[in-house]
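Residues 173 to 422 in our numbering are what the sequence shown lists, from first letter to last.
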Amino acid sequence: KFISYRSCAIALSDINAMGGRPLGYQVSLSTKETNTSFYRDLAKGFKLFSKKYGIGLIGGDIIRGQFQLSITIIGEPYNKAIKRSGARHHDCLCISGKLGEGKLARLATKKSCTHKQSTAAYLTPEIKLEYGSMLSKYASSAIDISDGFLQDLQHLSEASEIGFNLDKETIPIAKGILFQDAVMCGDDYQILFTANKSNRDKIDKISRITKTKISRIGKILSKKKFKFRVLNGDKVLNMTKIPGYEHLFT
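Shown next as structure tokens:
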């Protein structure tokens, strides 16, 4: 049931990062499994997901073959679709949550694949729809960081054609993981976004209302001399190698 729930949550994270309202989802399943308990467990995961987020399963397909589960979530913008390409020179860079929680939960799952506090961030990642909907009013660009913070930051930089100065001390890192691992590991279903500095009070209000930690971690450069650089005091950290998740090559 965790496979089906997690697959849906991962797809929902992308909709949320674009300021979208989910309307329903479709499931495409390929499997050679004949044991009915397998299908019952998958159904339990879908049921839990639908109940938590109020989204109905509206269709899909099942075929016999190598195991593959694909989820398509259909949605529409609450206000406007937040693209990756909207960042502007006077915006600040912000992120929700803490980096590395997904990896810590994944490691805990390898020891015990049972649902508890230490494994929840991996088995049943939480997608905060209220936070995403409210953020859509003020974010100029956004992306979910499931493929790794630095890798997805690069996508934001390329789409908006700007660069970022990051302050290492302000980047929120989960307790128990190294900084280098946290900014590269992925499996954190948080939103990295830019917003005009004039909206600072509104962003703080969203943080309080939705009980979501939001950190300001950097500034946009007036000219794109590089995609980003991480500053530790007066020193620039070497972060040139970014082994994030590659969908076609991992």
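For every residue, glycine included, the Cβ atom is placed at its ideal position computed from N, Cα and C.
List the residues that DSSP assigns as beta-bridge partners of ASN371.
In the DSSP assignment, ASN371 is bridged to no other residue.
Would the stretch 340 to 347 count as touching the stretch 221 to 237 if we require 3 or more Cβ pairs under 8 Å?
In short, these stretches do not touch, since the Cβ pair count stays below three.
If ASP213 sits next to ARG278, beta carbons under 8 Å apart, how far is it from one beta carbon to the other, in whole angstroms?
At roughly 20 Å, the Cβ-Cβ gap does not stay under 8 Å, so ASP213 and ARG278 are not in contact.
THR291: beta carbon under 7 Å from a heavy atom of the ligand SAH?
Absence of the ligand SAH from the depicted structure is noted, as is the absence of any ligand whatsoever, leaving it without description.
Pair within 8 Å by beta-carbon distance, ILE187 and ILE245:
Remark: C-beta atoms of ILE187 and ILE245 approach each other more closely than 8 Å.
Does DSSP classify CYS264 as helix, strand or coil?
Of the three classes helix, strand and coil, the one that applies to CYS264 here is strand, per DSSP.
Pairwise C-alpha distance: THR281 and TYR294:
C-alpha separation (whole angstroms): 8 Å.
Under the rule that 16 or more other beta-carbon atoms within 10 Å means buried, what is LYS377, buried or exposed?
Its Cβ having fewer than 16 others within 10 Å, LYS377 is exposed.
Between the Cα of GLN303 and those of PHE210, ALA253, ILE386, spot the shortest distance and give me the residue it belongs to.
The residue you asked about is not Gln; residue 303 is Tyr in the sequence shown. Looking at the Cα atoms, ILE386 is the closest of the given residues.
Would you call the stretch 216 to 225 and the stretch 324 to 335 in contact, with 3 or more CB pairs under 8 Å?
The stretch 216 to 225 is not in contact with the stretch 324 to 335.
Are the beta-carbon atoms of ALA181 and TYR361 separated by less than 8 Å?
Contact annotation: ALA181 and TYR361 have beta-carbon atoms nearer than 8 Å.
If you reduce the DSSP assignment to three classes, tell me which class HIS419 lands in.
Residue placement at HIS419 is flagged as unreliable, the pLDDT there being 49, under the threshold of 50; the coordinate-derived value follows with that caveat. Assignment of HIS419 by DSSP, reduced to helix, strand and coil, places it in the coil class.
Test item: CB-CB of SER318 and ALA259 under 8 Å
Against a cut-off of 8 Å, the Cβ pair of ALA259 and SER318 comes out as no contact.
To the nearest whole angstrom, what separates the beta carbons of THR296 and TYR211, a pair I think is in contact under 8 Å?
Cβ-Cβ separation between THR296 and TYR211: approximately 20 Å, too far for a contact (criterion under 8 Å).
If you count every other CB in all the chains shown that lies within 10 Å of the CB of ARG256, and 16 or more means buried, which is it?
The residue in question, ARG256, is buried, as its Cβ has 16 or more Cβ neighbours within 10 Å.
Name the DSSP beta bridge partners of PRO249, please?
DSSP output for PRO249 lists GLY192 as bridge partner(s).
What residues in its chain sit with their C-beta under 6 Å from that of ILE311, if we drop five residues either side in the sequence?
Checking the sequence, you will find Ala at residue 311 rather than Ile. Correct list, in chain order: ILE254, PHE365, ALA367.
SER179: which of PHE218, LEU322, THR286, ARG380 sits nearest, CA to CA?
Closest by alpha carbon: PHE218.
Taking LYS252 and SER308 to be in contact with their CB atoms under 8 Å, please state how far apart those CB atoms are, rounded to whole angstroms.
Approximately 7 Å separates the beta-carbon atoms of LYS252 and SER308; this is inside 8 Å, confirming the contact.
Assuming LEU328 is part of the alpha helix (DSSP H), what are its boundary residues?
DSSP places LEU328 inside the alpha helix (DSSP H), whose first and last residues are 321 to 332.
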